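J.: Residue numbers (our numbering): 108 to 213. Positions of the beta carbon are idealized from the N, C-alpha and C atoms, including for glycine. Only a predicted model underlies this, so the values are computations on that prediction, with no experimental measurement involved. This is the structure I want to talk about, given as structure tokens.
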Amino acid sequence: MLISKSSTNLTCKWNSTSALEHRCQTSEELEHRLSIIETSLNRFGIILDFVLSDVMQMNNGTEEVLLKMEGILQKLIAEGTSLQLMNRRKLLYTNYKMLELGSGSP
108 MLISKSSTNL TCKWNSTSAL EHRCQTSEEL EHRLSIIETS LNRFGIILDF
158 VLSDVMQMNN GTEEVLLKME GILQKLIAEG TSLQLMNRRK LLYTNYKMLE
208 LGSGSP
């Protein structure tokens, strides 16, 4: 490519060989850039696969923890109910003993 400057404008003079070389070089640059983009997309896809795998493992772990927590909650509810029943029985027994003592019975 030859560049000549005139006082009014900048003109480029092409011969057939330089135009063909320029197209070839542009094509090679485009192929190189597309190759870089393809490589980047492949790496990004691999990263997304790892992230998806990690998220799935976290979901499974969260489900397991949730199930264990539900089991613990059910046990706590059962223990709470048992304690309430024990307290009621103790209260009834104490009231019975107080009535028995208050009525003068041995």
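Measuring straight from C-alpha to C-alpha, what distance separates residue 141 and residue 149?
T.: Taking the straight line from one Cα to the other gives about 12 Å.
J.: I need the straight-line Cα distance from residue 192 to residue 167, nearest angstrom please.
T.: The alpha-carbon atoms of residue 192 and residue 167 are separated by roughly 38 Å.
J.: Out of curiosity, what's the CA-to-CA distance linking residue 131 and residue 165?
T.: If I take the Cα positions, the gap works out to 51 Å.
J.: How many angstroms separate the CA atom of residue 154 from the CA atom of residue 181?
T.: The straight-line gap from Cα to Cα measures roughly 41 Å.
J.: Pull up the distance between the alpha-carbon of residue 127 and that of residue 145, whole angstroms please.
T.: Their Cα atoms are separated by approximately 27 Å.
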